[in-house]
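Notes follow once the structure below has been shown.
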Amino acid sequence: FSKERLDRFRLLGDPAADRVAAELHEKHGGLTRIHDLLSTVHTKAEDPSEAGEVFRNFLSESIAVPSWADRAMVERGQRVHATHLPFIGLSLFSGSLVGGGQFRTASVVTALAGNITTEPTRRITETGMLLAALAFPGSLVDAGSEAHDSLTRVRLLHGALRHWLARPG
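Note that the sequence shown covers residues -9 to 159 in the numbering used here.
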């Protein structure tokens, strides 16, 4: 892949989360508290007016289990994940968080996501907790579970990062 092609891919992602990021940036005072945008979305979704619609739509979409999702296969994958969790964590931490810092674009994304230089222990602990939560049966498809909410927060964080990456400076 060329650098140009990879750069285009970095801006493609999750349309629902991207709409939330754009809405927050343009009409709701910016993207603040990016590590807990889910709480912000829940609060904004309570507004019964049209202003809360994008947030309600995101929450509705995030709890919908896709028709192609096979719960038995998801649980099987979770067992594989639990078995290999130490290696997944090692790969993620050394490859993505540390190794990614060696490349300019990856280091910009890591820095924008925050906490890696100011609170590395917290960042690594939060990521480790997410990885562990993914192994619990039902945690990926059941709205309100720890893993589901954590992944929804990650979706929103990545939407915010794509929003910022698309802007100069």
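We treat Cβ as the ideally placed atom computed from N, Cα and C, and that holds for glycine.
Given the structure is predicted, the values throughout are model-derived calculations rather than measurements.
Asked	Found
If distances are taken between C-alpha atoms only, which option among Ile114, Asp26, Thr142 comes closest to Gly85?	Ile114
For Leu28, which residues of its own chain have a beta-carbon under 8 Å away from its beta-carbon, when the five flanking residues on both sides are left out?	Asp139, Thr142, Arg143, Leu146
Identify the continuous alpha helix (DSSP H) that holds Phe171 and give its terminal residues.	No information on residue 171 is available, as it lies outside the stretch -9 to 159 that the chain covers here.
Buried or exposed for Phe(-9), going by 16 or more other Cβ atoms inside 10 Å?	exposed
Given Gly118, which residues of its chain have a CB within under 7 Å of its CB, disregarding the five upstream and five downstream residues?	Gly79
Taking Ala44 and Glu13 to be in contact with their CB atoms under 8 Å, please state how far apart those CB atoms are, rounded to whole angstroms.	Reading off the sequence, residue 44 comes out as Val, not Ala. With a Cβ gap of about 5 Å, Val44 and Glu13 count as contacting.
Sorted by chain position, which residues of the same chain lie with C-beta nearer than 7 Å to Leu21's C-beta, five sequence neighbours on each side aside?	Ala11, Leu14, His15, Ala150, His153
Quick one: grab the DSSP three-state call for Gly134.	coil
Is Leu21 helix, strand or coil when you go by DSSP?	coil
Between which residues of its own chain and Lys34 is the CB-CB distance below 6 Å, once the five residues before and five after are set aside?	Gly42, Phe45
Is Ile53 buried or exposed, if buried means 16 or more other CB atoms sit within 10 Å of its CB?	exposed
Note down the Cα distance separating Glu(-6) from Leu1, rounded to an integer number of angstroms.	11 Å
Which value, in whole angstroms, describes the spacing of the CA atoms of Leu124 and Val64?	10 Å
Who are the near neighbours of Val31 in its chain, counting only those whose CB is closer than 8 Å to its CB and skipping five residues on each side?	Val10, Phe45, Phe48, Leu49, Leu146
Between which two residues does the alpha helix (DSSP H) holding Thr30 run?	27 to 35
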